[in-house]
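See below for the structure under consideration.
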Amino acid sequence: MKTIYSGSPGRRNPLLKIYTLGLAFLCLALWTVPAASGEETSYTFDLSEIEKKPWHWGGYIEFKPVLFGLDRDAAFHKLRLYDDPQGDTLMEWNGRLQLEGSYETGMLRLYAKANTDLKETYSGFTERSAFYEAYATIKPSSSLKIDLGKKTSKWGKGYAWNPVAFADRPKDPDEPEAGMEGYIAVSADYIKSFDGPLKTFSFTPLLLPVYNHVNEDFGNRDKVNFAGKFYFLLYDTDIDLMFMTGGSRPDRYGIDFSRNITTNFEIHGEWAYLRHTRKTVLTAAGAPQQSESNARSWLVGIRHLTAFDLTTIIEYYHNGTGYNKDELTRYYDAVHNAYATYITTGSAAPLAAARRLADTGYGRFSAGKDYVYVRLIQKEPFDILYFTPALTAMINFHDKSASLTPEILYTGFTNWEIRLRTGFLMGSRGTEFGDKQNDCRVELRVGYYF
Amino acid sequence: MSITKAFFASLLSVLLLIAPAYALDGNKLLKEIDRNLNPESYELYRKLINIEPDGKKKEFTLFSIKKGTDKVAAVFLAPPSEKGRSTLRLGDNMWLNIPNVGKPIRITSLQSVVGGVFNNADILNLDYTSEYDVESVTETGGMYLLILKAKTKNVAYDRLKMWADKAKKIPTKIECRTEADMLIKTLYFKDVKDFGGGIVRPAVTETDSPLHKGYKSVMIAAQVKKRTFKDEVFTLTFMPNLESLR
Numbered sequence: 002m003k004t005i006y007s008g009s010p011g012r013r014n015p016l017l018k019i020y021t022l023g024l025a026f027l028c029l030a031l032w033t034v035p036a037a038s039g040e041e042t043s044y045t046f047d048l049s050e051i052e053k054k055p056w057h058w059g060g061y062i063e064f065k066p067v068l069f070g071l072d073r074d075a076a077f078h079k080l081r082l083y084d085d086p087q088g089d090t091l092m093e094w095n096g097r098l099q100l101e102g103s104y105e106t107g108m109l110r111l112y113a114k115a116n117t118d119l120k121e122t123y124s125g126f127t128e129r130s131a132f133y134e135a136y137a138t139i140k141p142s143s144s145l146k147i148d149l150g151k152k153t154s155k156w157g158k159g160y161a162w163n164p165v166a167f168a169d170r171p172k173d174p175d176e177p178e179a180g181m182e183g184y185i186a187v188s189a190d191y192i193k194s195f196d197g198p199l200k201t202f203s204f205t206p207l208l209l210p211v212y213n214h215v216n217e218d219f220g221n222r223d224k225v226n227f228a229g230k231f232y233f234l235l236y237d238t239d240i241d242l243m244f245m246t247g248g249s250r251p252d253r254y255g256i257d258f259s260r261n262i263t264t265n266f267e268i269h270g271e272w273a274y275l276r277h278t279r280k281t282v283l284t285a286a287g288a289p290q291q292s293e294s295n296a297r298s299w300l301v302g303i304r305h306l307t308a309f310d311l312t313t314i315i316e317y318y319h320n321g322t323g324y325n326k327d328e329l330t331r332y333y334d335a336v337h338n339a340y341a342t343y344i345t346t347g348s349a350a351p352l353a354a355a356r357r358l359a360d361t362g363y364g365r366f367s368a369g370k371d372y373v374y375v376r377l378i379q380k381e382p383f384d385i386l387y388f389t390p391a392l393t394a395m396i397n398f399h400d401k402s403a404s405l406t407p408e409i410l411y412t413g414f415t416n417w418e419i420r421l422r423t424g425f426l427m428g429s430r431g432t433e434f435g436d437k438q439n440d441c442r443v444e445l446r447v448g449y450y451f
Numbered sequence: 053m054s055i056t057k058a059f060f061a062s063l064l065s066v067l068l069l070i071a072p073a074y075a076l077d078g079n080k081l082l083k084e085i086d087r088n089l090n091p092e093s094y095e096l097y098r099k100l101i102n103i104e105p106d107g108k109k110k111e112f113t114l115f116s117i118k119k120g121t122d123k124v125a126a127v128f129l130a131p132p133s134e135k136g137r138s139t140l141r142l143g144d145n146m147w148l149n150i151p152n153v154g155k156p157i158r159i160t161s162l163q164s165v166v167g168g169v170f171n172n173a174d175i176l177n178l179d180y181t182s183e184y185d186v187e188s189v190t191e192t193g194g195m196y197l198l199i200l201k202a203k204t205k206n207v208a209y210d211r212l213k214m215w216a217d218k219a220k221k222i223p224t225k226i227e228c229r230t231e232a233d234m235l236i237k238t239l240y241f242k243d244v245k246d247f248g249g250g251i252v253r254p255a256v257t258e259t260d261s262p263l264h265k266g267y268k269s270v271m272i273a274a275q276v277k278k279r280t281f282k283d284e285v286f287t288l289t290f291m292p293n294l295e296s297l298r
């Protein structure tokens with residue numbers, strides 16, 4: 002196990018601040034007696050509350066301070082902070098504002114969701130605003146719907162990863178439920194229901210153009226990609242078949258499924274086949290080399306609920322385009338060598354080259370080949386309503402490094418969400434989680450919906 | 053055959069003939085209770101209130117639709133933190149769609165998407181006749197007491213004890229029990245109201261549970277209307293668009 006941060010008393014102040022802040026919020030949430038009395042109530046439901054208006058707007062605002070306990074000997078610490086060392090801890094202040102609105106008239110609906118992320122950290126203040134979604138929907142009937150604009154497609158059945166989400170950005174397994182930015186596309190949904198073993202069939206074709214200023218981060222430009230998903234509810238099993246072709250990314254095909262074995266036990270899986278996919282690998286000689294191969298990525302998982310409300314999610318993910326143990330270790334060694342060169346000669350060129358490699362693959366989420374993901378969620382233990390502790394573990398199956406994330410969530414105040422989370426990274430040098438920039442982190446997230 | 057044997061044989065025959073007739077009446081009665089509670093296909097606005105022992109409340113507003121014996125869907129209209137969440141039930145299959153998370157995920161009948169004492173089976177409830185057989189019916193004062201047994205192991209509660217008003221044929225109280233006859237929760241039906249269109253039914257359903265002492269959940273119906281829907285709206289693909297049916 003990596004040495005967990007133990008800084009000087011002065012350095013620990015931010016950590017204590019976050020803990021204190023988080024615990025104060027949670028204590029307030031859990032123990033504050035509300036003004037409402039426990040007297041017998043007569044219930045009212047005013048019809049004006051359900052009056053449908055053609056327009057709607059709402060939003061979400063979030064405040065999230067994070068304190069990282071840095072691992073000064075880790076490869077990614079050297080790579081990112083070599084010229085601006087930060088001591089043992091690093092404080093980061095995050096803010097998020099999401100605004101959404103819709104307008105509906107007849108068969109037409111317009112919807113937009115704008116997201117602004119604010120970040121204050123050692124390197125200064127950054128702000129990024131983007132429309133996560135902005136699209137028009139035409140729904141001539143309950144069987145047919147056409148969407149035009151920026152939208153997330155959300156394909157796949159996995160919780161932490163979705164290898165078959167061909168038209169989406171990769172999910173962050175650390176925050177799998179976070180909203181994501183979509184791509185500009187034209188898509189349709191055609192639905193047909195039946196009696197018999199096949200209860201539902203639907204087809205979702207999708208056109209995704211990639212040009213300058215239009216989905217330009219998706220892949221090769223000046224292409225129009227065509228993707229599709231066929232969905233079947235067959236013998237009480239959800240089954241999807243999907244494909245994508247067009248040239249911006251290698252052609253790919255996939256299948257997923259989900260089924261309840263019993264009322265409290267679900268199994269799911271995904272399998273994707275990617276043709277002629279390219280990967281940049283650092284060779285033994287220390288040079289980056291691009292290789293091309295057909296890759297298979299897949300995932301199997303379960304979701305189980307006990308009688309005492311413990312939800313267990315377990316997933317095994319094979320990332321066909323990921324790096325194996327030797328490839329990752331070789332890269333981390335190269336970073337350590339590049340840092341040694343920087344220290345002895347002052348030349349940052351090797352580190353810059355290593356950073357470019359990080360951007361092309363080594364530094365992405367789930368860069369390895371095989372992972373096990375376990376999440377345990379205990380709902381409302383000890384009869385504390387809206388209080389949910391959870392524990393998440395993600396293990397790189399090959400190098401046996403891991404991250405462990407305990408958290409507590411309270412949603413007892415209407416429209417408020419308060420989460421206190423810590424994270425510990427474990428692994429020796431040369432392993433994925435052992436060579437991350439941080440050893441641990443403490444994070445408070447306070448969110449308000451309006 | 054002696055006279056005594058003949059007498060007991062006759063009595064047994066009469067009892068055997070009567071027993072199915074009672075069972076048949078019970079199932080017919082349950083069907084009437086179902087129809088008095090809701091039309092077979094309908095739309096319904098509901099408010100759910102979770103009340104904690106200290107009086108603290110949390111409210112949710114839902115728009116629900118149902119078709120036939122096995123199709124139910126609901127979408128949350130309020131509060132803002134839940135708005136847009138939708139749930140779908142096709143027989144024993146249940147899904148939850150959270151707009152941010154994206155794809156619908158399978159959920160179970162015993163979980164609760166709102167917390168509190170109501171679980172998903174209570175919120176996405178089918179007709180009682182779809183899930184239960186009547187084991188016995190007895191009459192006590194102005195009430196029927198129906199003992200219901202789940203048709204399959206997939207039903208949330210193995211056994212129900214239902215008290216129903218004899219004149220109105222609507223339930224007043226239901227005890228939900230396990231196979232071992234342990235009480236899980238009690239539902240109380242209150243405030244019978246005329247919703248129009250011939251629908252006269254309880255507007256308020258309260259529930260409490262010995263497993264959650266001091267906690268109470270309440271479901272208030274504001275508008276119930278007969279309405280038919282195409283099967284296609286009860287699909288995973290349609291879930292994100294349920295609100296458009298309002």
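Read top to bottom, the protein sequences are chains A and B.
At position 196 of the first sequence the residue is numbered 197 (my numbering), and the sequence of numbers has no breaks.
At position 109 of the second sequence the residue is numbered 161 (my numbering), and the sequence of numbers has no breaks.
From the three backbone atoms N, C-alpha and C, an ideal C-beta is built for every residue, glycine too.
- Using a Cβ-Cβ cut-off of 8 Å, Asn216 (chain A) does not count as an interface residue toward chain B, since no Cβ of chain B sits closer than that to its own.
- Rounded to the nearest whole angstrom, the CA to CA distance from Ser124 (chain A) to Gly364 (chain A) is 19 Å.
- Along the region 216–240 of chain A, going in chain order, the ones with a CB nearer than 8 Å to a CB of chain B are Tyr232, Leu234, Asp237 and Asp239.
- Taking the Cβ atoms as the reference, Tyr44 (chain A) lies roughly 24 Å from Tyr450 (chain A), outside the contact range of under 8 Å.
- If you draw a 10 Å sphere on the C-beta of Asn213 (chain A), you find fewer than 16 other C-beta atoms in it, and that means exposed.
- A distance below 6 Å between beta-carbons, with the five flanking residues on each side excluded, links Ala274 (chain B) to the following residues of its chain, in chain order: Tyr97.
- Taking Ile103 (chain B) as the centre and dropping the five residues before and after it, the same chain places the C-beta of Lys109 and Lys268 closer than 6 Å to its C-beta, in chain order.
- DSSP places Pro254 (chain B) in the strand class (E or B) of the three-state scheme.
- Annotation for Leu89 (chain B): Arg253 place their beta carbon closer than 6 Å to its own, counting only its chain and skipping 5 residues before and after.
- For Thr121 (chain B), no CB of chain A lies under 8 Å from its own CB, so it is not counted at the interface with that chain.
- Residue A:Asn439 holds the alpha-carbon nearest to the alpha-carbon of Asp89 (chain A) among A:Leu119, A:Asn439, A:Asp196 and A:Val443.
- Listed in chain order, the beta strand (DSSP E) runs fully inside the region 99–169 of chain A are 109–122, 125–142 and 145–152, counting runs of at least 3 residues.
- Membership of Pro351 (chain A) in the alpha helix (DSSP H) is indicated by the continuous run Ala350 to Leu358.
- Residue burial annotation: Thr322 (chain A) is buried, with at least 16 other C-beta atoms found within 10 angstroms of its C-beta.
- For Phe241 (chain B), no Cβ of chain A is located within less than 8 Å of the residue's own Cβ.
- Taking 8 Å as the CB threshold, Ser348 (chain A) stays off the interface with chain B.
- In this structure, Thr423 (chain A) lies near Pro407 (chain A), with their beta-carbon atoms less than 8 Å apart.
- Between Asn320 (chain A) and the set A:Ile385, A:Thr278 and A:Phe46, the nearest pair of CA atoms involves A:Thr278.
- Using a Cβ-Cβ cut-off of 8 Å, Val256 (chain B) is close to Tyr44 of chain A, given in chain order.
- Taken through DSSP and simplified to helix, strand or coil, Pro132 (chain B) comes out as coil.
- Sorting B:Asp77, B:Ile101 and B:Glu284 by C-alpha distance to the C-alpha of Gly167 (chain B) places B:Ile101 at the top.
- Going by C-alpha positions, Met181 (chain A) is about 8 Å away from Asn152 (chain B).
- Fully contained in the region 390–414 of chain A are the following beta strand (DSSP E) runs of length 3 or more, in chain order: 403–411.
- For Lys200 (chain A), the residues of chain B that pass the 8 Å Cβ criterion are Leu142, in the order they occur in the chain.
- At a cut-off of 8 Å, the C-beta of Tyr123 (chain A) has no neighbouring C-beta in chain B.
- Asp252 (chain A) and Glu63 (chain A) have their C-alpha atoms some 38 Å from each other.
- In this chain, the alpha helix (DSSP H) harbouring Arg81 (chain A) covers Ala76 to Leu82.
- The beta carbons of Ser143 (chain A) and Lys282 (chain B) sit closer together than 8 Å.
- For Arg442 (chain A), the enclosing beta strand (DSSP E) has its first and last residue at Asn439 to Tyr450.
- Under the 8 Å Cβ criterion, the region 155–165 of chain A counts as touching the region 294–311 of chain A, having at least three qualifying pairs.
- In this structure, DSSP gives Val336 (chain A) a helical state, which the three-state scheme calls helix.
- In terms of Cα proximity to Lys155 (chain A), the closest of A:Pro66, A:Asp257 and A:Asn325 is A:Asp257.
- Runs of alpha helix (DSSP H) with 4 or more residues, each lying fully within the region 263–306 of chain A, are absent.
- Contact of Phe132 (chain A) with chain B is not assigned, every C-beta pair being separated by 8 Å or more.
- For Val207 (chain B), the closest alpha carbon among the candidates B:Ser188, B:Met146 and B:Lys155 is that of B:Met146.
- Residue burial annotation: Ser429 (chain A) is exposed, with fewer than 16 other C-beta atoms found within 10 angstroms of its C-beta.
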